[in-house]
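Per the working numbering, the sequence shown starts with residue 34, numbered consecutively.
Positions of the beta carbon are idealized from the N, C-alpha and C atoms, including for glycine.
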Amino acid sequence: MAIVGSVQVSLLEENIKPRTDLPPLLAHLRERRPENLHYIGVSFGLTLDLLRFWKKQKFAPFYVGHNPNAVTGEHTCMVLKPVDNDDIETCGTDEWDFFGPFYQDFRKKFTWLLGSSSFRTMDMQACDEVLV
34 MAIVGSVQVS LLEENIKPRT DLPPLLAHLR ERRPENLHYI GVSFGLTLDL LRFWKKQKFA
94 PFYVGHNPNA VTGEHTCMVL KPVDNDDIET CGTDEWDFFG PFYQDFRKKF TWLLGSSSFR
154 TMDMQACDEV LV
């Protein structure tokens, strides 16, 4: 027995029909307001040229993979760029605001990990560029 509304009805007796009062599941993009972005991120195989390119665009690294890619030999690098957004509380101390502490933590960990076997084969100039 199932309860439909306030009446108990057997599943064999229930009259099943499509509902017509449901809102659409999808909407056209032009009908939807864009989401506010806090940052833009990019992931790529770490090379000196690519890292320099993204840093010129004001992106900062926050992650470098410990293990090189088996095919390319490159470490994964992820970079972020804060986006001006009125919804973000800023302290006004620097251009990185909320991202600053994460970036500083990444730099500390990366510096400490440079001595590990994970990064021994990494290009020294690329390592230097990550930290500058």
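query, result
"Proximity of F132 and L113 at Cβ, strictly below 8 angstroms", "yes"
"Backbone secondary structure at S151 - three-state DSSP", "helix"
"I73 - partner residues in DSSP beta bridges", "K114"
"Distance between H61 and D54 (C-alpha atoms, nearest Å)", "19 angstroms"
"Through-space distance from D117 to Y72, alpha-carbon basis", "8 angstroms"
"Pairwise C-alpha distance: P57 and V75", "33 angstroms"
"As assigned by DSSP and simplified to three states, the class of G98", "coil"
"Buried or exposed (CB count within 10 angstroms, at least 16 for buried), L164", "exposed"
"Where the alpha helix (DSSP H) through V165 begins and ends", "Element bounds for V165: n/a, residue is neither H nor E."
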